[in-house]
Every structure is written in C-alpha cells, then in structure tokens.
Amino acid sequence: MSQDSLRGDAGRTSPGTPSHPPVAEGWTVLSHLLAGFLLFGGIGWGIDLLVGTRWVLLVGLLAGGAASFALIYIRYLYVAPDPRPAQSLPRSGEPTGLQDRKEPG
Numbered sequence: 001m002s003q004d005s006l007r008g009d010a011g012r013t014s015p016g017t018p019s020h021p022p023v024a025e026g027w028t029v030l031s032h033l034l035a036g037f038l039l040f041g042g043i044g045w046g047i048d049l050l051v052g053t054r055w056v057l058l059v060g061l062l063a064g065g066a067a068s069f070a071l072i073y074i075r076y077l078y079v080a081p082d083p084r085p086a087q088s089l090p091r092s093g094e095p096t097g098l099q100d101r102k103e104p105g
C-alpha cells in the first residue's frame, strides 16, 4: 500500500502524475489558514455589527483558526487506521504455521 493511500489525500492524484512541489503545498496550507480566519472572522464581524456586540469576532477568529488547522491536519498529516482487524498473536507453545507442526509418523 503506498503512502498516499494512507494519507487523507488518497485518490486525488493518479499514481503516474508527479505530486505538487513542496512550495505549492506550502502556499496551499497558507491559503487554508488565511481563508479560515478571514471567512469565520468576517462572519463574526458581521454578526457583531448586526447585534451590537464585540465578542463574536473573537469567537469567529478562533473557530476559523481551529477549522483551518483541522482541515490541514486531515489533509496532510492524518494517517487512517488500517480497516482490517489485527491478527491475534499465537499463544506461547502453539504452532505458528505449517513449518512448526510436527507430522505424525
């Protein structure tokens, strides 16, 4: 199983195409961070204007930062667990395979 299939971006690129250079991934991460802060901060600022409060902007900025970091973690750092159940280890003294079994005779 390739490393790409273990990361969150599995299946987004075909195996024959080269991946993005590191500089492009850096700009993508930066754009995710800025977009989260600007979008949620803008929503918080708008609610503050409508309601007449000052604290919703802070909540929006914190929520945008958290959402951005979560998206970056899922996209670039998260390794999904193996869906197959773990095979149980043999108990001590039990044969582990055909080579360990004694043939009668």
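According to UniProt numbering, the sequence shown is numbered sequentially starting from 1. Just so it is clear, CB atoms sit at the ideal spot from N, CA and C, and this is done for glycine as well.
A distance below 8 Å between beta-carbons, with the five flanking residues on each side excluded, links G60 to the following residues of its chain, in chain order: F40, G41, G42, I43, G44, W45 and I47.
The beta carbons of I72 and H32 sit about 6 Å from each other, so the pair counts as a contact at 8 Å.
Taking the Cα of L77 as reference, the smallest distance to any Cα among G36, P21, A24 and V29 is reached at V29.
A direct Cα-to-Cα measurement between E25 and S68 gives close to 15 Å. For T53, no alpha helix (DSSP H) run applies, since DSSP gives it neither H nor E.
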